[in-house]
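A short write-up of the structure that comes next.
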Amino acid sequence: MKVLTPLIGAHAKYMYALVKDTGVTDQLLWDGPTDLASYEQGLIQREAQVRDGSLHMFTIIDPATKVPCGTADIREEDDEWSIGYWIGKAYHGKGIGTMVVSDLLEYGFQNLKAHNITAAVFTGNDASRRILIKNHFRFVETKKAAAIKKGKAVDEWIYNITNYEYKA
27 MKVLTPLIGA HAKYMYALVK DTGVTDQLLW DGPTDLASYE QGLIQREAQV RDGSLHMFTI
87 IDPATKVPCG TADIREEDDE WSIGYWIGKA YHGKGIGTMV VSDLLEYGFQ NLKAHNITAA
147 VFTGNDASRR ILIKNHFRFV ETKKAAAIKK GKAVDEWIYN ITNYEYKA
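Taken in order, the sequence shown gives residues 27 to 194; the numbers are from this note's numbering.
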């Protein structure tokens, strides 16, 4: 079941309450939106980038209620593809994250012709780790002090899947 749709700026009003001061961003490099207006403006700008093909970002749609419940993206940096996503807490534990990663892999390998896709997860984020494992990612390494979150160095678990592994 597909849970991703191209990002739409108008979804900001639904998603703002799911991410602002909810703890969801504790596991993300992004600290979250400061206010609804700037969040909506940012999504509108990203929507234009999605339309012109320079950004591969999606709104996550809850398959049960058909409402927006998070965002996901796949991006290329230094010839390497990586994925990221966040889902509102009310939608955790429903299998949506597993579907999101599955959809991102299909998009990345089929549409973007990626050879491999990486995901970085803050250590301790066992829910995201399980999502990656369910999607056949393999653990690569623990990167010490890989990111800075709220002024503190955090470690990351690095996972990867190749196109060959995906097809198998």
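Note that the Cβ used here is the ideal one computed from N, Cα and C, for glycine as well.
Discussion item. Can you check which of these residues, Q71, K120, G177 and Y42, is closest to S80 by C-alpha distance?
Written reply: Between S80 and the set Q71, K120, G177 and Y42, the nearest pair of CA atoms involves Q71.
Worksheet item: Which stretch, first to last residue, makes up the beta strand (DSSP E) that contains K151?
Response: With the sequence shown as reference, residue 151 is identified as Asn, and Lys is not the correct amino acid for it. Careful: N151 lies outside any beta strand (DSSP E) and carries neither H nor E.
Item to complete: Check whether the stretch 46–54 touches the stretch 85–95, taking contact to mean three or more Cβ pairs, one atom from each stretch, closer than 8 Å.
Response: Counting C-beta pairs closer than 8 Å gives fewer than three between the stretch 46–54 and the stretch 85–95, which falls short of the contact rule.
Worksheet item: How do the stretch 100–109 and the stretch 133–146 stand: do at least 3 beta-carbon pairs fall below 8 Å, yes or no?
Response: As far as the Cβ criterion goes, the stretch 100–109 touches the stretch 133–146, which means the pair count is three or higher.
Practice prompt. Report buried or exposed for V45, applying the criterion of at least 16 other Cβ atoms within 10 angstroms of its Cβ.
Written response: Answer is buried; the Cβ neighbour count reaches 16.
Practice prompt. Please state whether DSSP places S128 in a helix, a strand or coil.
Written response: Helix at S128.
Worksheet entry | Extent of the continuous alpha helix (DSSP H) to which D181 belongs | From DSSP, D181 is part of no alpha helix (DSSP H) but of the beta strand (DSSP E) over K178 to T188.
Worksheet item: When we look at the beta-carbon of N137 and count the other beta-carbons within 10 Å, is it buried (16 or more) or exposed?
Response: Exposed, because fewer than 16 other Cβ atoms sit within 10 Å of the Cβ of N137.
Fill in: Residue interval of the alpha helix (DSSP H) (run including V45)
V45: member of the alpha helix (DSSP H) spanning A38 to V45, first to last residue.
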